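Written out below as structure tokens is the structure these notes cover.
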Amino acid sequence: MPKQFKTVEFEDRKKIATMYAAGAIAADIARQIGVSATTIYAELKRGQDGVTLDKNFRPAYDPDLAQKRVQEALRRRGRRKGP
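full-length UniProt numbering numbers the first residue of the sequence shown as 1 and each following residue consecutively.
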């Protein structure tokens with residue numbers, strides 16, 4: 001049986017932000033969203049600005065920033081820098 005992949009949509013990103021701000025760990029968020037914990041860790045890294053901390057003193061997650069970075073990556077996909 002082939003693996004099925006699920007992309008993280010903006011609605012999922014908002015759920016991740018809410019749960020993460022409430023103090024949930026990546027494994028719990030992953031179960032709720034229906035993806036692997038590795039996907040959640042990558043998503044949390046994608047949505048961090050590297051400066052801001054949340055109330056739990058963890059790097060804050062911004063779903064808008066994560067969505068912007070995904071859209072930029074999709075736009076760049078397949079392009080080469082050289083001639």
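Backbone N, C-alpha and C fix where the C-beta goes; we use that ideal spot for every residue, glycine too. Since we're looking at a predicted model, the values are computed, not measured.
Worksheet item: By the 10 Å Cβ neighbour count, where 16 or more other Cβ atoms means buried, how is Ile16 classified, buried or exposed?
Response: Taking the sequence shown and counting its residues from 1, the one referred to as residue 16 is at position 16. Under this definition Ile16 is a buried residue.
Discussion item. Please report the distance separating the alpha-carbon of Thr7 from that of Ala22.
Written reply: For the purposes of this step, residue 7 is taken as the residue at position 7 of the sequence shown. For the purposes of this step, residue 22 is taken as the residue at position 22 of the sequence shown. The alpha-carbon atoms of Thr7 and Ala22 are separated by roughly 23 Å.
Discussion item. When you compare the CB positions of Phe10 and Gln48, do they come within less than 8 Å of one another, or not?
Written reply: In the sequence shown, residue 10 corresponds to position 10, counting from 1. In the sequence shown, residue 48 corresponds to position 48, counting from 1. Cβ distance not < 8 Å, so Phe10 and Gln48 don't count as in contact.
Item to complete: Determine the contact status of Arg76 and Arg46, defining contact as a CB-CB distance below 8 Å.
Response: For this step, residue 76 is matched to residue 76 along the sequence shown. For this step, residue 46 is matched to residue 46 along the sequence shown. Not a contact, by the Cβ cut-off of 8 Å.
Practice prompt. Following the continuous alpha helix (DSSP H) through Ala60, name the residue where it begins and the one where it ends.
Written response: Within the sequence shown, numbered from 1, the residue matching residue 60 stands at position 60. That residue, Ala60, is in no alpha helix (DSSP H); it is neither H nor E in DSSP.
Worksheet item: Between which two residues does the alpha helix (DSSP H) harbouring Leu44 extend?
Response: For the purposes of this step, residue 44 is taken as the residue at position 44 of the sequence shown. Leu44 -> alpha helix (DSSP H) spans Ala37 to Arg46.
Discussion item. Distance check for Ala37 and Lys14, CA to CA, integer angstroms please.
Written reply: The count along the sequence shown starts at 1 and reaches residue 14 at position 14. The count along the sequence shown starts at 1 and reaches residue 37 at position 37. Between Lys14 and Ala37, the C-alpha separation is close to 16 Å.
Practice prompt. Figure out for me which residue from Gln71, Arg58 and Arg79 has the closest Cα to the Cα of Ala26.
Written response: One-based indexing of the sequence shown puts residue 26 at position 26. For the residues Gln71, Arg58 and Arg79, the minimum Cα distance to Ala26 belongs to Arg58.
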